[in-house]
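Asker: Encoded as C-alpha cells, here's the structure I'll be asking about.
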Amino acid sequence: MRRQPLPAWADIILIPLINIALALLVAGVVITLIGENPFKAFAVMFQGAFGYAEGVGYTLYYATNFIFTGLAVAIAFHAMLFNIGGEGQAYIGGLGVALVLLAFDHVLPFWALLPLAIGAAMLFGAAWAAIPAYLQAYRGSHIVITTIMFNFIASNLMVYLLVNVFIVPGSMSPESRVFDPNAWLPTVHDFFARFGIDVAPSPLNLSFIIALIAGVLVWLFIWHTRWGYAIRTVGFSEPAAEYAGISTKKIIMITMLLSGALAGMAGINEIMGVQHKLLLDFVAGYGFTGIAVALMGRNHPLGIVLSSILFGALYQGGADLTFEMPNISREMVTAIQGFIILFSGALTYMSRPWLERLFGLFVRDTPTEEAPHGR
Amino acid sequence: MAPTSSDPTYAIDLRNISKSFGTVQANNHVNLKVEAGTIHGIVGENGAGKSTLMSILYGFYEADAGEIYIFGKRTAIRNSADSIAAGIGMVHQHFMLVENFTVLENVMLGAESGAMLAGSITDAAAELDRLEREFGLAVEKDALISDLPVGQLQRVEILKALYRGARILILDEPTGVLTPQETDQLFAILRSLREQGTTVIIITHKLREIMALTDHVSVMRQGEIVASRVTAETSREELAELMVGRKVRMTIDKAPAQPGEPLLQVTNLSLYDHYGVARLDRVSLEVRAGEIVGIAGVSGNGQSELLDLLSGILPPGEGEMLISGHTVTSAHPTNPEQVRSWRVAHVPEDRLKRGLVREFSAAESAILGYHTSPEYNGTLLTKPRAIIDHCRHLMEAFDVRPAHPSLKSANFSGGNQQKLILAREMDPSPKVLLVGQPTRGVDIGAIEFIHKQIVAMRDAGSAVLLVSGELDELMSLADRIVVMFEGRIVGEVAASEADEKILGLMMANAHTPDPTTSTEEVPA
C-alpha cells in the first residue's frame, strides 16, 4: 500500500497523542483486570492533576524537574549524545546547592544566595558530566555506558556523604540540617499571600519560572547562536563538522557540560525550593523521566515544557489515584507511568508507518514542480 | 482481461509501470522492452527514475501500477526473492560483499545447498568452476574479499548473480570505481555473457560507455522513457540532448592558461595512517595563480588525503606545504578555519556527508564553514536575516533551484546541492580553490554550468586544484594533469597532450611519460 509522508502537524501533535492514547488503552486493560473501572481511574487522575489549585501546584512542581532534566537530555541529543546521566547530575547538582546554602544561609541575603546556588547547581552538574564527556571526546568510551556508571557513583557518593558528613550529630536519619528560611525559594502561595491572595499551598516555587527561562535560553542557544549551529552540525554529520573546522571533541565537551548543568538545576527546585535540606534519593527518577520527556517533546524546548506538564500531571494524578482508589497501589500507578514512557519514549515511531499508510489512502496526488527523486 | 503472456523474445517487458513517492512521480507509465540476449543501456540524469525502475524490477519497491513480463510470462515481483526466482540478478553500484569472507563464501552466502556447510562448499566450488569455464570469469575462489582489487570484486558480484541462476543481469553504474583498463575487461565479460545468451541491462550516465557496449539504449527523463534507440543509429550528442531535453555542449571553450605566482606549493609531503602505511608518499606539486591542475587516479590513491591536508582537515605528516603564502608543517599545523581565512576554498569530494548538512535548511548549509563570520553573527545571537539574504544571493548567482533558502538541503537535487556548495566556496573569490569531484552524480545540464564557473575562477586569477574521477572532465578542464598512484605522483602531462590511454596506463602505474626512465614497454 502507498505511504504518504506525514505533514508536520501530524508528526508533532498527532503521533504523541496517539502514543498517549495507546498507553492509556493498555493501562486501562490492566486496571480492568484488577477489577476497577478504568474510566473512573483516569477521571480521578485528571481531576487530581488539574482539578484543584493544590493539584495544579503539584503538577507544575513535578514539571519543573522534568523541564530541567528534559532540556538536559535534549541539548545533548542535538549533538547526537545520549546523556543517560541526568539522574546523577541532578543529584550532584543538589549537593552543590546544599553546600552553598549550608555555608552561607546565615551570612548572605537571599538575593546573593540565589545566584550562588544556581551557579553551584550548574557547576556541580556540569562537573559530574565532565568525566564521561572527556572519556567520550578524547578516549572514545561510549557516553551511554559512562553516564550510567556515573549515576551509580553519584548515588553511592551521596550515601557516604550524608551518612558520614552531612548527618546532624545524634540524628538517626541521613539528612543535613534544615537551611535557614532566608535561603528558601519563595513558593507561589507565599508570593500571592503577600498581595492578600489566598492560593492553596503546594511545593510550586520560583524555580518553575527559572525553568521556563532556561527553556527560552536553550531555544535561543540551539537555533540562534553559532555554538548551537556547531552543536547541530556535529549532531547531524561529523564529517561536515570536520570539513567546516568545528572540533567535535570541543563540541562534545561543551554540550555535555551544558547538559550536566541543566540537569543539576533540578537541585534548585528540590533542595532550595522544596526540601530545604540535603537528603537521600531526592531525585527520585526525575533524571530518567527526562529522557522520555525529551523524546516526547522532540528535543524542542516548547515540546519539553508541554510534555513535562503531562508527566507532572501523571505523577500528581497518580498520587491522588492511590489515595482515592485503594485497590490501585502505588506500583500500579508506576506501571501506568511506565506505559506512557514506553509508548511515547521507546515506541515513539511505532505508529508512524500505519499513519503514513492511512494518509496515503486519503491524500490524492497533486502535481508538483519538484523533480522526481531517483531511488 | 489482461493477457498473461507476451512475446517471449523479450527478456523484460514492462508495461505502464508507475511509482510515486508522496507527491513525486518517480516513474510515470514506463514502457520498456528488452530483447533477450542483448545488452541494453538505460541512461538519464540523476533523478530521472532509472534506479527506481530497476528497484521495482529487483523487488525493492512495488510498482503502484503496471505489469511486468519476464520472458513473456506475467510475473509479480514483491521482493528480491521473487526477482531472483524469475532469473534476475543485480550488481549494485556499491558492492554488497562480506569483507572478511572468501570469494566462495560470498558467492554461496544465502544460497547454501543445505544446513551443513561442507556440502555447500563442494557444490559451490563445482558450480563456480563451471561458470568460470563457460563465461571466462576467472576469480580466485579462496581469496579474501578484503585482499581483492575493485575490478575483481565486481566479478564476484556478477558471479553471485549467475550462481543464483540469473539470466538477466542488471548493473547499476558499474564503472564508477574502475580504471579504463578494468572497464574494458568488464565490457569483455559482459560481451561474453551476451554470447552465452544472458541479457544485460546497464544503467550509466557515461554516454561513451553506452556507445561502446550496448545494442539498444533507452533514455529516461523525469520519470518517463523519452526515447529508445538502436545504439548504432544514435550519437552521444543526440542522447545527451534527449537526457537533458535541450542541446548540450560537450566541450568547454577556454583560453590558454596564464599562470602567475605559485599559490600552492607542496614539497615532499608524506602522510602515514594508523598502521604506518604511507597514504601520501613524498608528493611535490605546484599550482600557480590562473591555472587549473587536475589530479587523476583511481579513487583511494591519495587524492582525498591530499585535499584534506591542503584544506587543514588532516594534520600534516612529513614535508612542507605553502598554502596561499603560509607555511604549514607538522611543527606548524593549521586547521580548516585558519585555512579558510587565508582565502582558500574547498569543495569537498563527498557532497552529502561533508559539503552540506542534509538536515539543515539551504540557508544554514550555505554558511557551513563560514558560520563564525561576523557577517552572520552579533555578539551572542546569529543574524537570521543576513544568513537568508546571503543564501538568496548565492542561489541567484548560481541558479540554484528551487530558490528557497528555508528548504531542507536534502530536498535539492544533486546538481543543485553542488551548485549551492560551489556558490558558497566561490562567492568570497578565493585565491586558492580546492575542488573534489565537482560533477559526481550531477545532471549534464548542471555539469556544463559548473565547468564554466571553475574556468571563470581560473581566469579571475585563482589557483585551482581539481581532483576528479572523470577523465573527460580532467582533460577538458585542467591545464596540467598529474596522476597519483598509491600515494605517489607517478606522472604529469599537459592537458593538450593527454589522452585516455596514457592516463589510464599511468593510473595503473604501467606507464611513465618519459621513455628514458621507463622500465616497461610503452605501447605506442
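These protein sequences, in sequence, are chains E and L.
Residue numbers for the first sequence follow the numbering used here, so the first one is 1 and each next one is one higher.
Residue numbers for the second sequence follow the numbering used here, so the first one is 1 and each next one is one higher.
Beta carbons are placed, not taken as given, at the ideal position from N, Cα and C, and that holds for glycine.
Grouping DSSP H, G and I as helix and E and B as strand, with all else coil, what is K419(L)?
Answerer: Of the three classes helix, strand and coil, the one that applies to K419(L) here is helix, per DSSP.
Asker: Please confirm whether Y243(E) has its beta-carbon closer than 9 Å to some beta-carbon of chain L.
Answerer: yes
Asker: Check each candidate in K408(L), V298(L), A166(L), A138(L) and name the one with the smallest Cα separation from V156(L).
Answerer: Taking only the C-alpha atoms, the option nearest V156(L) is A138(L).
Asker: Under a CB-based cut-off of 9 Å, is R232(E) close to chain L?
Answerer: For R232(E), the answer is yes, since a Cβ of chain L falls inside 9 Å of its Cβ.
Asker: Within 10 angstroms of the Cβ of H373(E), are there 16 or more other Cβ atoms? Answer buried if so, exposed if not.
Answerer: Here the model assigns H373(E) a pLDDT of 42, short of 50, so the residue's position is not dependable, and the following value carries that caveat. The C-beta of H373(E) has 16 or more other C-beta atoms within 10 Å across all chains shown, which makes the residue buried.
Asker: Alpha carbon to alpha carbon, how far is N156(E) from F208(E)? Give it in angstroms, no decimals.
Answerer: 29 Å
Asker: Only counting the same chain, and skipping five residues up and downstream in sequence, which positions put a Cβ closer than 7 Å to that of I447(L)?
Answerer: T439, listed in sequence order.
Asker: What does H371(L) reach in chain E if we use C-beta pairs closer than 9 Å?
Answerer: At a beta-carbon threshold of 9 Å, the residues of chain E lying near H371(L) are R226, Y229, A230, T233, A244, I246, ordered along the chain.
Asker: Flag F380(E) as yes if its beta-carbon sits less than 9 Å from any beta-carbon of chain L, otherwise no.
Answerer: One cannot answer for residue 380(E) here, as it falls past the ends of chain E, which runs 1 to 375.
Asker: Quick one: is H216(L) buried, meaning 16 or more other Cβ sit within 10 Å of its Cβ, or exposed?
Answerer: Buried, since its Cβ has 16 or more Cβ neighbours within 10 Å.
Asker: Taking C-beta to C-beta, are G267(E) and G48(E) nearer than 9 Å?
Answerer: no
Asker: With burial defined as no fewer than 16 other Cβ atoms inside 10 Å of the residue's Cβ, what is the status of M116(L): buried or exposed?
Answerer: exposed
Asker: Excluding five sequence neighbours on each side, which residues of the same chain lie with their C-beta closer than 8 Å to the C-beta of S373(L)?
Answerer: Cβ neighbours of S373(L) beyond the five flanking positions: I367.
Asker: Determine the contact status of E291(L) and P259(L), defining contact as a CB-CB distance below 9 Å.
Answerer: yes
Asker: Quick check for students: name the residue ranges of the alpha helix (DSSP H) that lie wholly in the segment 70-152 of chain E, counting only runs of 4 or more.
Answerer: You should have 86-104, 110-134.
Asker: Taking only beta-carbon atoms, is V339(L) less than 9 Å away from chain E?
Answerer: yes
Asker: Identify whether L361(E) lies in helix, strand or coil by the three-state DSSP scheme.
Answerer: Residue state, collapsed to three classes: helix.
Asker: Drop a sphere of 10 angstroms on the beta-carbon of Y275(L), count the other beta-carbons inside from all chains shown, and report buried for 16 or more, exposed for fewer.
Answerer: exposed
Asker: With distances taken Cα to Cα, identify the nearest neighbour of R282(L) among I489(L), A495(L), V347(L).
Answerer: I489(L)
Asker: Given that a residue counts as buried once 16 or more other Cβ atoms are within 10 Å of its Cβ, and exposed if not, what is L262(E)?
Answerer: buried
Asker: Output, in chain order, the set of chain E residues within a Cβ distance shorter than 7 Å of N377(L).
Answerer: The answer, in chain order, is R226.
Asker: Does T532(L) pass the burial test, meaning 16 or more other C-beta atoms within 10 Å, or should it be called exposed?
Answerer: Outside the shown range of chain L, which is 1 to 524, sits residue 532(L), and nothing can be said about it.
Asker: Just reading off the alpha helix (DSSP H) that Q337(E) is part of, what are its end residues?
Answerer: 330-341
Asker: Which residues, taken in chain order from the segment 102-135 of chain E, show a beta carbon closer than 9 Å to some beta carbon of chain L?
Answerer: none
Asker: Identify the contact partners of L220(E) in chain L, using a Cβ-Cβ distance below 9 Å as the criterion.
Answerer: Residues of chain L with a Cβ closer than 9 Å to the Cβ of L220(E) are, in chain order, L380, L381.
Asker: Answer yes or no: do P180(L) and T204(L) have a C-beta to C-beta separation smaller than 9 Å?
Answerer: no
Asker: Is V287(L) closer than 9 Å to S237(E) when the C-beta atoms are compared?
Answerer: no
Asker: Roughly how many angstroms lie between the CA atoms of V432(L) and A345(L), to the nearest whole one?
Answerer: 6 Å
Asker: Taking the alpha-carbon positions, what's the F68(E) to F110(E) distance?
Answerer: 22 Å
Asker: Where does K408(L) sit, in a helix, a strand or coil, going by DSSP?
Answerer: strand
Asker: Interface residues of chain L around A240(E) at Cβ under 8 Å?
Answerer: K353, R354, G355, L356, V357, L368
Asker: Where M256(E) and A79(E) are concerned, what is the direct C-alpha to C-alpha distance, given to the nearest angstrom?
Answerer: 9 Å
Asker: On a Cα-Cα basis, can you pick out the residue from T102(L), E349(L), G176(L), R424(L) that is closest to L148(L)?
Answerer: T102(L)
Asker: Below 8 Å on C-beta distance, what does I88(L) contact in chain E?
Answerer: In chain order: nothing, as chain E lies at least about 18 Å away.
Asker: Along the chain, where does the beta strand (DSSP E) containing G44(L) start, and where does it finish?
Answerer: G44(L) -> beta strand (DSSP E) spans 39-44.
Asker: From P186(E) to V218(E), what distance separates their C-alpha atoms?
Answerer: Roughly 24 Å between the two C-alpha positions.
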